[in-house]
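Be aware that the sequence shown starts at 87, since it is given in the numbering used here, and climbs by one per residue. Using N, Cα and C, we set each Cβ at its ideal position, and we do this for glycine too. The structure presented is a predicted model; accordingly, all values stated were derived computationally and were not measured. To keep things clear, I will list the structure first and then write my remarks on it.
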Amino acid sequence: MSMLEGLEGQGLLLLGSLAVTCFLELQQLLLLALCCLLYILSRNGWMRLKLRYAAVPAFSQIPPCPSRPPFRPTSQLPVRQESKVPVQPPTFQSEGFSAQVSELLEVITPSEASEHVAKELAAYTQTIIQEMLSGASVEGFANADVLRGTAFGVAVPEIDLVVSADPDCLEQQLQGRLSKGGIPKTRMDARKMQKSAIRACTDLLVAAGGFKFRRSAFRCEEPKVTLMGPSTMSVSGQGIPVEFSVNCATPGCHAALVAASGEIDVRSRGLILLVRRWSKDRGVCHVARGHLPPYGWTLLAIFFLQVKKLLPPMTGMKSGSDYTVQTGHMSDCQTGPSESATVGCLFSSFIGFYRQIDLRQEVVSLRRGERSCPKPQAVDDPEVLHPSVQIEDPFDPGRNFGAGLSPEGLQRLHEELVRADAILAAGEEALLSEILEPWAPPEKHATCSADAGVELAGRQSLF
Numbered sequence: 087m088s089m090l091e092g093l094e095g096q097g098l099l100l101l102g103s104l105a106v107t108c109f110l111e112l113q114q115l116l117l118l119a120l121c122c123l124l125y126i127l128s129r130n131g132w133m134r135l136k137l138r139y140a141a142v143p144a145f146s147q148i149p150p151c152p153s154r155p156p157f158r159p160t161s162q163l164p165v166r167q168e169s170k171v172p173v174q175p176p177t178f179q180s181e182g183f184s185a186q187v188s189e190l191l192e193v194i195t196p197s198e199a200s201e202h203v204a205k206e207l208a209a210y211t212q213t214i215i216q217e218m219l220s221g222a223s224v225e226g227f228a229n230a231d232v233l234r235g236t237a238f239g240v241a242v243p244e245i246d247l248v249v250s251a252d253p254d255c256l257e258q259q260l261q262g263r264l265s266k267g268g269i270p271k272t273r274m275d276a277r278k279m280q281k282s283a284i285r286a287c288t289d290l291l292v293a294a295g296g297f298k299f300r301r302s303a304f305r306c307e308e309p310k311v312t313l314m315g316p317s318t319m320s321v322s323g324q325g326i327p328v329e330f331s332v333n334c335a336t337p338g339c340h341a342a343l344v345a346a347s348g349e350i351d352v353r354s355r356g357l358i359l360l361v362r363r364w365s366k367d368r369g370v371c372h373v374a375r376g377h378l379p380p381y382g383w384t385l386l387a388i389f390f391l392q393v394k395k396l397l398p399p400m401t402g403m404k405s406g407s408d409y410t411v412q413t414g415h416m417s418d419c420q421t422g423p424s425e426s427a428t429v430g431c432l433f434s435s436f437i438g439f440y441r442q443i444d445l446r447q448e449v450v451s452l453r454r455g456e457r458s459c460p461k462p463q464a465v466d467d468p469e470v471l472h473p474s475v476q477i478e479d480p481f482d483p484g485r486n487f488g489a490g491l492s493p494e495g496l497q498r499l500h501e502e503l504v505r506a507d508a509i510l511a512a513g514e515e516a517l518l519s520e521i522l523e524p525w526a527p528p529e530k531h532a533t534c535s536a537d538a539g540v541e542l543a544g545r546q547s548l549f
């Protein structure tokens with residue numbers, strides 16, 4: 087029935103009703119008129135509703151919404167992209183591999199000016215953060231000379247800003263912030279609270295502090311964000327990239343281990359700097375790509391020196407925001423020709439050492455400071471098919487910094503060790519610029535991940 091026919095039928099019904107009402111009383115007429123009016127309104131409303139949804143398919147015919155696939159670490163290698171300002175390998179004035187290493191260390195070793203910049207950034211950040219987190223403190227760590235721009239400075243920043251705040255106070259402040267947004271007050275676990283604190287602090291630093299957000303890494307074991315510091319606090323006029331975190335222990339642990347190792351053997355500090363720089367330039371320290379973190383490379387360098395009897399066993403202790411390292415007996419250390427070996431020679435031995443051993447069968451433990459027997463594995467152990475790398479944290483023995491190393495990351499690590507070992511086979515004739523040539527994805531891969539984490543369009547020189 088069309089709408090016009092429906093209205094004509096309703097009109098005839100109304101005329102018939104009026105003819106009958108001639109014999110009714112006034113109250114009955116009013117009641118009848120009200121009933122007729124309600125009938126007409128309900129009839130018209132039903133017809134409109136029917137026409138409106140006539141073209142809507144049945145619920146069973148509606149295609150289901152595509153479900154979001156679960157997150158899986160990507161195994162695709164990024165593709166090489168053309169850069170308007172390609173990264174150039176470093177150049178050196180010295181001749182000989184050891185002399186070139188010494189020249190590089192003079193450039194990348196953290197200077198007093200770098201330490202001063204890190205402290206200034208920490209103090210400036212603390213004044214802003216305390217507007218939201220009263221009683222919180224910020225500490226800055228400079229892992230290299232930040233006043234010399236590096237091509238991968240944004241990919242792996244050399245300054246860490248760590249906020250230290252009481253967990254109870256932190257939760258109270260964040261619950262108040264969440265309640266203002268209409269979110270019910272519920273007790274958060276430590277990791278969610280850490281992420282919420284980083285988000286809140288990042289919003290405040292960007293809005294009121296002049297920082298610029300670059301990217302976040304919340305799926306890593308230690309959530310953090312990469313920020314660009316205010317340009318007014320940089321000598322070059324460009325912001326200094328920093329890694330920002332809340333209640334993160336790794337930067338403090340790294341600084342304590344480097345200081346303790348340097349007091350025993352000054353060459354250890356240079357070796358750690360060189361190893362971290364090599365892993366950074368060759369693209370094997372990006373956690374998002376399934377590689378070892380920079381702190382993991384620090385542990386590998388110290389363990390190598392312990393195996394060579396140049397450093398004693400080390401045990402870390404953490405008390406609040408203070409980190410201390412206890413060392414073993416120095417009588418176990420070697421006193422021989424290795425004492426006169428240069429940092430360049432130690433780096434060559436470092437590459438050869440990890441080139442020959444299988445990390446999947448080792449337990450890197452600074453507490454023991456020596457190689458152990460192969461890890462016992464049961465027959466039905468799933469790690470037999472995919473064994474993991476065990477790199478123990480001396481400050482927390484239950485923490486493994488090799489757990490995030492993917493099979494693809496382990497393969498890349500092995501490829502870089504083989505490449506470096508082949509170059510270093512020339513001895514003093516080897517070129518450090520070739521060792522530190524910035525890594526670029528091969529051209530044969532046709533797909534690229536948007537969050538590759540390595541910015542090849544950086545500054546023209548590595549320093």
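1) In three-state DSSP terms, what is Phe299?
2) Work out the CA separation of Ile245 and Leu256 for me, nearest whole Å.
3) Entirely within the segment 323–395 and at least 3 residues each: give me those beta strand (DSSP E) ranges in chain order.
4) What three-state label does DSSP hand Met400 in the structure shown?
5) Where Gly440 and Leu503 are concerned, what is the direct C-alpha to C-alpha distance, given to the nearest angstrom?
6) Alpha carbon to alpha carbon, what distance is there between Leu432 and Leu518?
7) Short check: CB of Val328 to CB of Leu233, under 8 Å?
8) For Gly382, collect the residues of the same chain with a Cβ closer than 7 Å to its Cβ; drop the 5 residues on either side in sequence, then sort them by chain order.
9) Taking C-alpha atoms, which residue in Leu378, Pro398, Arg368, Ser354 lies nearest to Ala387?
10) For the alpha helix (DSSP H) containing Phe227, list its first residue and its last residue.
11) Buried or exposed for Pro493, please, with buried defined as at least 16 other CB atoms from any protein chain shown within 10 angstroms of its CB.
12) Taking one C-beta from the segment 386–401 and one from the segment 336–354 each time, how about it: are there three or more such pairs within less than 8 Å?
13) From what residue to what residue does the beta strand (DSSP E) around Gln476 run?
14) Please report the straight-line C-alpha distance between Asp275 and Pro253, rounded to a whole angstrom.
15) In angstroms with no decimal places, state the Cα-to-Cα distance between Ala293 and Leu190.
16) Might you give, ordered along the chain, the residues of its own chain that have their beta carbon closer than 6 Å to the beta carbon of Ala341, omitting 5 neighbours on each side?
17) Looking only at its chain, what residues have a beta carbon closer than 8 Å to the beta carbon of Leu260, apart from the 5 residues adjacent to it on each side?
18) If you drop the 5 nearest sequence neighbours on each side, which residues of the same chain put their C-beta closer than 7 Å to that of Gly356?
19) With distances taken from CA atoms, which of Arg453, Ile326, Phe304, Arg362 is nearest Pro483?
20) From what residue to what residue does the beta strand (DSSP E) around Ile245 run?
21) Restricting to Cα atoms, I'd like to know which of Glu225, Phe183, Leu219, Met218 is closest to Val203.
22) Going straight from the alpha carbon of Ser188 to that of Ser180, what length do you get?
23) Can you tell me which of Val242, Cys121, Pro527 puts its alpha carbon nearest to the alpha carbon of Val373?
24) If you count every other CB in all the chains shown that lies within 10 Å of the CB of His415, and 16 or more means buried, which is it?
25) So what does DSSP say about Thr288, is it helix, strand or coil?
26) Which of the three DSSP states is assigned to Arg485 in this structure?
27) Taking Cβ to Cβ, would you say Tyr409 is nearer than 8 Å to Cys339?
28) Starting from Gln216 and walking both ways along the alpha helix (DSSP H), at which residues does that stretch end?
29) Could you compute how far the alpha carbon of Ala230 sits from the alpha carbon of Lys205?
30) Answer with buried or exposed for Ile443, where buried requires no fewer than 16 other C-beta atoms within 10 angstroms of its C-beta.
31) Let me make sure I understand the geometry here. Which of Asp289, Val344, Cys306 has the alpha-carbon closest to that of Phe299?
32) DSSP state of Val242, grouped into three classes?
33) Relative to the C-alpha of Arg277, which candidate in Pro309, Glu198, Glu501, Phe390 has its C-alpha closest?
34) Quick one: what's got a C-beta closer than 6 Å to Gln412's C-beta in the same chain, skipping five residues either side?
35) How about Leu360 and Ser434: do their beta carbons lie closer than 8 Å?
In short, the structure shows the following:
1) Here residue 299 refers to the residue found at position 213 of the sequence shown. Here Phe299 sits in strand by DSSP.
2) Indexing the sequence shown from 1 puts residue 256 at position 170. Indexing the sequence shown from 1 puts residue 245 at position 159. For Leu256 and Ile245, the distance between alpha carbons rounds to 24 Å.
3) The segment 323–395 contains these whole beta strand (DSSP E) runs: 327–332.
4) For the purposes of this step, residue 400 is identified with residue 314 of the sequence shown, where counting begins at 1. Shown here, Met400 sits in a strand according to DSSP, grouped into three states.
5) Start at 1 with the first residue of the sequence shown, and residue 440 comes out as number 354. Start at 1 with the first residue of the sequence shown, and residue 503 comes out as number 417. The sequence given here has Tyr at residue 440, not Gly. The straight-line gap from Cα to Cα measures roughly 7 Å.
6) Translated into positions along the sequence shown, residue 518 becomes position 432. Translated into positions along the sequence shown, residue 432 becomes position 346. Their Cα atoms are separated by approximately 14 Å.
7) Within the sequence shown, the letter at position 242 stands for residue 328. Within the sequence shown, the letter at position 147 stands for residue 233. Not closer than 8 Å, so no.
8) As a working mapping, residue 382 is identified with position 296 in the sequence shown. For Gly382, where only same-chain residues beyond five positions count, the Cβ hits under 7 Å are Ile477, Phe487, Gly488.
9) Along the sequence shown, read from residue 1 onward, the residue named residue 387 stands at position 301. The candidate whose alpha carbon is nearest that of Ala387 is Ser354.
10) The residue given as residue 227 occupies position 141 in the sequence shown. Unbroken run through Phe227 is the beta strand (DSSP E), 223–228; no alpha helix (DSSP H).
11) Locating residue 493 in the sequence shown gives position 407, counting from the first residue. By the 10 Å Cβ count, Pro493 comes out exposed.
12) Yes, they touch.
13) Start at 1 with the first residue of the sequence shown, and residue 476 comes out as number 390. For Gln476, the enclosing beta strand (DSSP E) begins and ends at 476–479.
14) For the purposes of this step, residue 275 is taken as the residue at position 189 of the sequence shown. For the purposes of this step, residue 253 is taken as the residue at position 167 of the sequence shown. Straight-line spacing of the CA atoms in Asp275 and Pro253 works out to 10 Å.
15) Start at 1 with the first residue of the sequence shown, and residue 293 comes out as number 207. Start at 1 with the first residue of the sequence shown, and residue 190 comes out as number 104. Distance between the alpha carbons of Ala293 and Leu190: 38 Å.
16) Here residue 341 refers to the residue found at position 255 of the sequence shown. Only Phe227 meet the Cβ criterion.
17) In the sequence shown, the residue the question calls residue 260 occupies position 174. Leaving aside the five residues that flank Leu260 on each side, the residues in its chain whose CB is nearer than 8 Å to its CB run, in chain order, Met274, Met279, Ser282, Ala283, Ala286.
18) Position 270 of the sequence shown, counted from the first residue, corresponds to residue 356. If we look at Gly356 and ignore the five residues flanking it on each side, its Cβ neighbours are Leu191, Val429.
19) Position 397 of the sequence shown, counted from the first residue, corresponds to residue 483. Proximity to Pro483 across Arg453, Ile326, Phe304, Arg362 peaks at Arg453, based on C-alpha coordinates.
20) The residue given as residue 245 occupies position 159 in the sequence shown. Residue range 245–250 is occupied by the beta strand (DSSP E) that includes Ile245.
21) Reading the sequence shown from its first residue, position 117 is the one you call residue 203. When only C-alpha atoms are compared, the closest one is Glu225.
22) Your numbering for residue 188 matches position 102 in the sequence shown. Your numbering for residue 180 matches position 94 in the sequence shown. Whole-angstrom Cα-Cα distance: 9 Å.
23) Working through the sequence shown from its first residue, we reach residue 373 at position 287. Nearest C-alpha to Val373: Val242.
24) The count along the sequence shown starts at 1 and reaches residue 415 at position 329. A residue is called buried once 16 or more other Cβ atoms fall within 10 Å of its Cβ, and His415, having fewer, is exposed.
25) As a working mapping, residue 288 is identified with position 202 in the sequence shown. The answer is helix: DSSP assigns Thr288 an H, G or I state.
26) Within the sequence shown, numbered from 1, the residue matching residue 485 stands at position 399. If DSSP states are grouped into helix, strand and coil, Arg485 belongs with the strands.
27) As a working note, residue 409 is residue 323 in the sequence shown. As a working note, residue 339 is residue 253 in the sequence shown. Going by C-beta atoms, Tyr409 is nearer than 8 Å to Cys339.
28) In the sequence shown, residue 216 corresponds to position 130, counting from 1. From DSSP, Gln216 is part of no alpha helix (DSSP H); its letter is neither H nor E.
29) One-based indexing of the sequence shown puts residue 230 at position 144. One-based indexing of the sequence shown puts residue 205 at position 119. Roughly 14 Å between the two C-alpha positions.
30) Position 357 of the sequence shown, counted from the first residue, corresponds to residue 443. Answer is exposed; the Cβ neighbour count stays below 16.
31) Translated into positions along the sequence shown, residue 299 becomes position 213. Minimum Cα distance to Phe299 is reached at Asp289.
32) The residue you call residue 242 lines up with position 156 of the sequence shown. Val242 falls in the coil class under three-state DSSP.
33) Position 191 of the sequence shown holds residue 277. Residue Pro309 is the option with its Cα nearest to Arg277.
34) Start at 1 with the first residue of the sequence shown, and residue 412 comes out as number 326. If you ignore the 5 residues before and after Gln412, its C-beta comes within less than 6 Å of the C-beta of Thr401, all in its own chain and listed in chain order.
35) In the sequence shown, counting from the first residue as 1, residue 360 sits at position 274. In the sequence shown, counting from the first residue as 1, residue 434 sits at position 348. Contact flag unset, no.
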